[in-house]
C-alpha cells in the first residue's frame, strides 16, 4: 500500500509540474501596445520594386525603432542597395494584439508609406517581421534594446 501511495504522489507531483510548466504565469509578459514600449534594433533584407527599371532591386536595412507605449512610433535606419546607402527616418502608428501579432504603419522621409506585420516572441523581447506594402518582398527581425544601467 505504501508503494502504491508513493507512486500516486509522484504522479500527482509530475502532473502538477507539467501543468504549471504549460500554464502561462501571471508574471509572463503580455503582448499589448503598452508592452511594446521602448527601443528596438531591427534589420530587413529582400527586394524593392524599381518602377523606372521595371525590376526588383536588393535592399538591406539596419535601424532603431521606438514605440511610445500609446500607439505612436519613430524610426531611423540605414538602407543599402546597389545604388548606395542612405539614411531614412519615419514616423507612424502601431498596434499589438493580445495574441502577439501586430502592425506598424510608417510614413518615411522619402515619402513612402510602409506597412509591417509582426509576430512578437520571447516574452515580447523580439519579433519576426514582414513588409506587406506593394512593391516590397522583405522580411526581418527585431530585438528589444537594453541600455546599460537601465
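In our numbering, the protein residues as written are 1 to 150. Glycine residues also receive a C-beta, built at the ideal position from the N, C-alpha and C atoms.
Query: In DSSP terms, what residue 95 is bridged to; Result: 103
Query: Close-in-space but distant-in-sequence residues of the same chain around residue 50 (CB under 6 Å, 5 per side omitted); Result: 57
Query: Run of the beta strand (DSSP E) containing residue 57, from where it starts to where it stops; Result: 55 to 67
Query: Coil, strand or helix - residue 117 by DSSP; Result: strand
Query: Euclidean distance between Cα positions of residue 135 and residue 102; Result: 21 Å
Query: Option nearest residue 35 by Cα separation, candidates 87, 68 and 116; Result: 68
Query: Proximity to residue 72 [Cα-Cα], best of 132, 40 and 94; Result: 94
Query: Pair within 7 Å by beta-carbon distance, residue 141 and residue 40; Result: no
Query: Those residues which DSSP pairs with residue 79 across a bridge; Result: 61 and 86
Query: Beta strand (DSSP E) segment containing residue 109, residue limits; Result: Careful: residue 109 lies outside any beta strand (DSSP E) and carries neither H nor E.
Query: Beta-bridge partners of residue 133, as assigned by DSSP; Result: Paired residues: none, contrary to the question.
Query: For residue 126, three-class secondary structure by DSSP; Result: strand
Query: Segment limits, beta strand (DSSP E) that includes residue 41; Result: 38 to 50
Query: Residue 113 vs residue 90 beta-carbon contact at 7 Å; Result: no
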